[in-house]
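Residue numbers (the UniProt record's numbering): 1 to 142. C-beta atoms are modelled at their ideal positions from N, C-alpha and C, and glycine is treated no differently. Below: the structure, in structure tokens.
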Amino acid sequence: MIRRIFLPSGKTCLARGPYILIFLLLHILFLVVAFNVAELPVLPLVCFLLYTYLKLNINAQRCRDSGAKGRYVVIFSLLVYLASLAVAATGVVSDVECVSLGIRIYFGYDVLVFFVFMLAPTQLKQQINSTDHVSISGGENE
């Protein structure tokens, strides 16, 4: 299951239960690690990038398993994450209260996507054998 999070394949399915478990564990682990390594400036950044990569992976897998294209959620998520980072950076540079707005956009989008994919039905993939579609006809010359 751990390998599926880091390197997803097109053959596996991420159902609702494991998605919720992975999402919650990922957030708890990120909060614990991010606040414990705050004295080194590079480690929170690496932790944040890994956190975002894993979040994009599990959201794309869940989107794909719900019947949509996973790349759409990845592209839109990256745009929202970069926009919230730009808003927060603008607040840091100009000493305006935009930092909390950027953080609210980031986590608000994160929670919205979580609830959408939590409620989305899992599309069952059925294996179709080549013998299932063989039609036997009366067989005279056509």
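Using alpha carbons as the reference points, say which of the options lies closest to residue i.
| i | options | result |
| --- | --- | --- |
| H27 | F107, A86 and T12 | F107 |
| V116 | A89, A68 and S84 | A68 |
| T12 | N36, F35, P41 and I58 | I58 |
Can residue i and residue j be called in contact, C-beta distance under 9 angstroms?
| i | j | result |
| --- | --- | --- |
| L45 | S77 | no |
| L101 | A88 | yes |
| I20 | M118 | yes |
| V73 | V113 | yes |
| V37 | L31 | no |
Alpha carbon to alpha carbon, what distance is there between residue j and residue i?
| i | j | result |
| --- | --- | --- |
| A83 | T122 | 30 angstroms |
| P18 | Y51 | 17 angstroms |
| L79 | F48 | 16 angstroms |
| L54 | Y81 | 14 angstroms |
| I103 | T90 | 12 angstroms |
| L24 | S94 | 34 angstroms |
Take residue i and list the residues in its own chain whose beta-carbon comes closer than 6 angstroms to its own, dropping the five residues that flank it on each side.
| i | result |
| --- | --- |
| G70 | A60, C63 and R64 |
Specify, as a first and last residue, the run of the alpha helix (DSSP H) that residue i falls within.
| i | result |
| --- | --- |
| C47 | V42 to D65 |
| A88 | G70 to S94 |
Give every residue of the same chain whose Cβ lies closer than 7 angstroms to the Cβ of residue i, excluding the five residues on either side of it in the sequence, and list them in chain order.
| i | result |
| --- | --- |
| R16 | M118 and T122 |
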